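Mind the numbering: the sequence shown is residues 1156 to 1572 in this note's numbering, read in order.
A short worksheet on the structure shown next.
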Amino acid sequence: MQVFYYNKKLSREVWQFWHWRRMKLVLAIHGEKYIVCCWKEKNMVYYIERDKGMIHRGNWHRIKECMKKAQQGQEITIGFLGGSITQGSLSSGPETCYAYLVYEWWRKSFPQAYIRYVNAGIGGTTSQFGVARVEEHLLKYEPDFVLTEFAVNDENTEFFQETYEGLVRKIYGNACAPALLLICNVRYDDGASAEQMHEKIARAYQIPMVSMKAAIWPEVEAGRIKRHDITPDDLHPNDAGHKLVAEVIIAFLEKVLRDMDTQEADAFGGNVLPGPVTANACEDSIRYQNFNSRPDMEGFTADITPQKDIRDIFKGGWTAFREGDKIRFEIVCTGIALQYRKSVNKPAPVAKAVVDGREDEAVLLDGSFDEDWGDSLHIDTIARHMERGSHVVEITIMETHKEDAVPFYLVSVIASN
């Protein structure tokens, strides 16, 4: 695959000239507007109007400062936080996912700088988990520039608007004062995403945002791009799809680079953030696992198997397999969420979670997963917006089966504050 650019003013007849050399000549003459991805072996041409990807300009001060730092040959860290698309799912390798391609743009644009790449994408996760893990998985590296995407894992609801706001505040208000770019991917079968709710947060905090729904989806919807040429499952891009996503982001970065010398004050006077637009209970979320908590246990056992990396997700928790096994946490918080394994190896035990003894509000945690793509790191919110204070959550195994393939695995307890 090679990439060229073509001008919007090109006549429709140009697109009938499929000859490779002729196409390159035409593109060279007419300049840049559209990105054109060409598969020579398929003799096909796809294009998107990549400049449409920027749906909110936001404040560019921090990104410009990051670019100036790179231009001076200093060391900078580029960090990515998101779900499976950021992780690189369905790309042919780690170096063909959009995140790495964007990192490569930084390396090529600033060859005098040492640029460190941190990819903290974990498949099947939302901004609710993101805000609880961003310190451990990304902010500890003191990134200069963070790109985050959760638009196809979050639902387009006020709940995820609140979790997303907590994540944005936690990143943007961090002591290392990173630049931040918000990315909205899209489902290519129906155009669905959490972009509407996420964009409200972007505008409230003057954070730049780019959208694949604005740049790529119109061409898919119109039939000019066959969606299965860029995504096998209507969600995760293949190499061609990752290239398109990267180009939308790069188009934004090139805008900033061209405008780098224009002075622009930091929004809100640096690290001072405005008041939240939601209840914002998630910004100070704490994740409890067996190495930083001491729950009361009856039958549950701590899993002390070493974790290989951040994507070795079923580590640091507790297991149980007998009916009546219990684990009890007492936590100072305003909300509680539980992370546990839903397994494709069925059947699996079923547990019950009760907060502060309120049996009538008990939540069932079924360890069996109805999908077939692999075990899921599932998260259930079992209490929200309680009065801040000490709260007790008790998880009890309620149902087991003779043929259970795996034990119940409680991965973590996430307390919001």
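Ideal Cβ positions, reconstructed from N, Cα and C, are used throughout, including at glycine.
Quick caveat: nothing in here was measured; it's all calculated off a predicted structure.
Candidates A1359, S1545, R1342, of which the one nearest T1576 by Cα
The question about residue 1576 has no answer, for the chain in this structure spans 1156 to 1572.
According to the neighbour-count rule (16 or more other Cβ atoms, all chains shown, within 10 Å of its Cβ), is K1325 buried or exposed?
The count along the sequence shown starts at 1 and reaches residue 1325 at position 170. Classification for K1325: buried.
Check C1221 in the structure and name its three-state DSSP category.
If you number the sequence shown from 1, residue 1221 lands on position 66. Helix.
What runs of the alpha helix (DSSP H), each 4 residues or longer, lie entirely inside the segment 1363-1418?
1367-1370, 1372-1376, 1382-1385, 1394-1413
Quick one: what does DSSP say D1451 is sitting in, helix, strand or coil?
Your numbering for residue 1451 matches position 296 in the sequence shown. Three-state result, D1451: strand.
Please report the residue range of the beta strand (DSSP E) in which H1546 lies.
Numbered from 1 along the sequence shown, position 391 holds the residue referred to as residue 1546. Unbroken beta strand (DSSP E) run through H1546: 1544-1554.
Under three-state DSSP, which class holds F1563?
One-based indexing of the sequence shown puts residue 1563 at position 408. If DSSP states are grouped into helix, strand and coil, F1563 belongs with the strands.
Going along the chain, which residues of its own chain have a beta-carbon closer than 6 Å to the beta-carbon of R1177, five neighbours each way excluded?
Taking the first residue of the sequence shown as position 1, residue 1177 is located at position 22. The predicted position of R1177 is uncertain, since its pLDDT is 40 and thus under 50; a value taken from the coordinates is nonetheless stated next. Taken in chain order, the list of residues that qualify is empty.
If you draw a straight line from the alpha carbon of A1492 to that of R1413, how long is it in whole angstroms?
Counting from one through the sequence shown, the residue named residue 1492 turns up at place 337. Counting from one through the sequence shown, the residue named residue 1413 turns up at place 258. One C-alpha to the other measures close to 44 Å.
At which residues does the beta strand (DSSP E) containing H1211 begin and terminate?
The residue you call residue 1211 lines up with position 56 of the sequence shown. From DSSP, the beta strand (DSSP E) with H1211 extends over 1209-1211.
Is the segment 1433-1453 touching the segment 1557-1572, taking contact as three or more C-beta pairs under 8 Å?
yes
Simplified DSSP state of D1517, which is helix, strand or coil
Counting from 1 along the sequence shown, the entry for residue 1517 is found at position 362. Checking the sequence, you will find Ala at residue 1517 rather than Asp. DSSP places A1517 in coil when its eight states are reduced to three.
Buried or exposed: where does Q1316 fall if 16 or more other Cβ atoms within 10 Å of its Cβ makes it buried?
For this step, residue 1316 is matched to residue 161 along the sequence shown. That one is buried.
N1435: CB within 7 Å of a non-hydrogen atom of the ligand MN
Ligands in the displayed structure: none, and consequently the ligand MN is not present.
Whose C-beta lies closer than 7 Å to the C-beta of T1211 among residues of the same chain, with five residues either side of it excluded?
Taking the sequence shown and counting its residues from 1, one reaches residue 1211 at position 56. Position check: residue 1211 holds His in this sequence, whereas Thr was assumed. If we look at H1211 and ignore the five residues flanking it on each side, its Cβ neighbours are E1354, A1357, R1358, P1363, M1364.
Tell me the rounded alpha-carbon separation between H1174 and V1400.
Within the sequence shown, numbered from 1, the residue matching residue 1174 stands at position 19. Within the sequence shown, numbered from 1, the residue matching residue 1400 stands at position 245. Its pLDDT being 40, under 50, H1174 is placed unreliably by the model, and the measurement read from it follows with that caveat. Each residue's alpha carbon lies about 26 Å from the other.
Please go through the same chain and pick out, in chain order, the residues whose beta-carbon is closer than 6 Å to the beta-carbon of H1556, but skip the five residues on each side of it.
On the sequence shown, position 401 is the one that residue 1556 refers to. Same-chain partners within the cutoff: P1502.
Pull up the CB-CB distance for I1233 and F1300, whole angstroms please, since I reckon it's below 8 Å.
For the purposes of this step, residue 1233 is taken as the residue at position 78 of the sequence shown. For the purposes of this step, residue 1300 is taken as the residue at position 145 of the sequence shown. Going by Cβ atoms, the distance from I1233 to F1300 rounds to 5 Å, so yes, they are a contact pair.
With 16 as the cutoff for other CB atoms within 10 Å, does F1446 come out buried or exposed?
Numbered from its first residue, the sequence shown carries residue 1446 at position 291. By the 10 Å Cβ count, F1446 comes out exposed.
Roughly how many angstroms lie between the CA atoms of G1186 and E1313, to the nearest whole one?
The residue you call residue 1186 lines up with position 31 of the sequence shown. The residue you call residue 1313 lines up with position 158 of the sequence shown. Here the model assigns G1186 a pLDDT of 41, short of 50, so the residue's position is not dependable and the matter cannot be decided.
Here's the rule I'm using: 16 or more other beta-carbon atoms within 10 Å means buried, otherwise exposed. How should R1496 be labelled?
Along the sequence shown, read from residue 1 onward, the residue named residue 1496 stands at position 341. By the neighbour-count rule (16 or more Cβ atoms within 10 Å), R1496 is buried.
According to DSSP, is K1263 helix, strand or coil?
If you number the sequence shown from 1, residue 1263 lands on position 108. Reduced to three states, the DSSP call for K1263 is helix.
Are D1129 and V1561 closer than 8 Å when you measure CB to CB?
Shown here, the chain extends from 1156 to 1572; a query on residue 1129 therefore has no answer.
Beta-carbon within less than 6 Å of V1257's beta-carbon, same chain only, minus the 5 sequence neighbours each way: which residues are those?
Against the sequence shown, residue 1257 aligns to sequence position 102. For V1257, where only same-chain residues beyond five positions count, the Cβ hits under 6 Å are A1401, I1404.
In whole angstroms, give me the CA-to-CA distance for D1421 and D1515.
Counting from one through the sequence shown, the residue named residue 1421 turns up at place 266. Counting from one through the sequence shown, the residue named residue 1515 turns up at place 360. D1421 and D1515: Cα-Cα distance of roughly 49 Å.
By how many angstroms is the C-alpha of M1415 removed from the C-alpha of R1539?
As a working mapping, residue 1539 is identified with position 384 in the sequence shown. As a working mapping, residue 1415 is identified with position 260 in the sequence shown. Their Cα atoms are separated by approximately 43 Å.
Is the beta carbon of K1138 sitting closer than 8 Å to the one on E1549?
For the chain, the structure presents residues 1156 to 1572; residue 1138 sits outside this window and is missing.
Out of curiosity, what's the CA-to-CA distance linking C1331 and D1559?
Sequence index remark: in the sequence shown, residue 1331 carries index 176 (1-based). Sequence index remark: in the sequence shown, residue 1559 carries index 404 (1-based). Taking the straight line from one Cα to the other gives about 47 Å.
Considering only residues of the same chain and omitting the five flanking positions on each side of M1209, which have a CB-CB separation below 6 Å?
On the sequence shown, position 54 is the one that residue 1209 refers to. Cβ within range, chain order: V1365, F1407.
Simplified DSSP state of H1540, which is helix, strand or coil:
Within the sequence shown, the letter at position 385 stands for residue 1540. Correct three-state label for H1540: coil.
Would a C-beta distance cut-off of 8 Å place E1438 and E1554 closer than the cut-off?
Translated into positions along the sequence shown, residue 1438 becomes position 283. Translated into positions along the sequence shown, residue 1554 becomes position 399. Against a cut-off of 8 Å, the Cβ pair of E1554 and E1438 comes out as no contact.
Can you tell me which of R1271, F1265, P1266 puts its alpha carbon nearest to the alpha carbon of Y1255?
For the purposes of this step, residue 1255 is identified with residue 100 of the sequence shown, where counting begins at 1. Among R1271, F1265, P1266, the Cα nearest to that of Y1255 is on R1271.
If I measure Cβ to Cβ from I1371 and keep anything under 6 Å in the same chain, skipping five residues before and after, which residues do I get?
Here residue 1371 is taken as the residue at index 216 of the sequence shown, counted from 1. So the qualifying residues of the chain are I1203, L1399.
Quick one: using the 10 Å Cβ neighbour count with 16 as the cut-off for buried, is L1294 buried or exposed?
Numbered from its first residue, the sequence shown carries residue 1294 at position 139. Counting Cβ neighbours within 10 Å, L1294 comes out buried, since at least 16 surround it.
In angstroms, rounded to a whole number, what distance separates the CA positions of I1534 and C1339?
Along the sequence shown, one-based indexing puts residue 1534 at 379. Along the sequence shown, one-based indexing puts residue 1339 at 184. When rounded, the distance between both Cα atoms is 22 Å.
Assuming L1236 contacts G1285 under a Cβ cut-off of 8 Å, what Cβ separation, rounded to an integer in Å, is found between them?
One-based indexing of the sequence shown puts residue 1236 at position 81. One-based indexing of the sequence shown puts residue 1285 at position 130. With 8 Å as the limit, L1236 and G1285 qualify as a contact, their Cβ atoms being about 6 Å apart.
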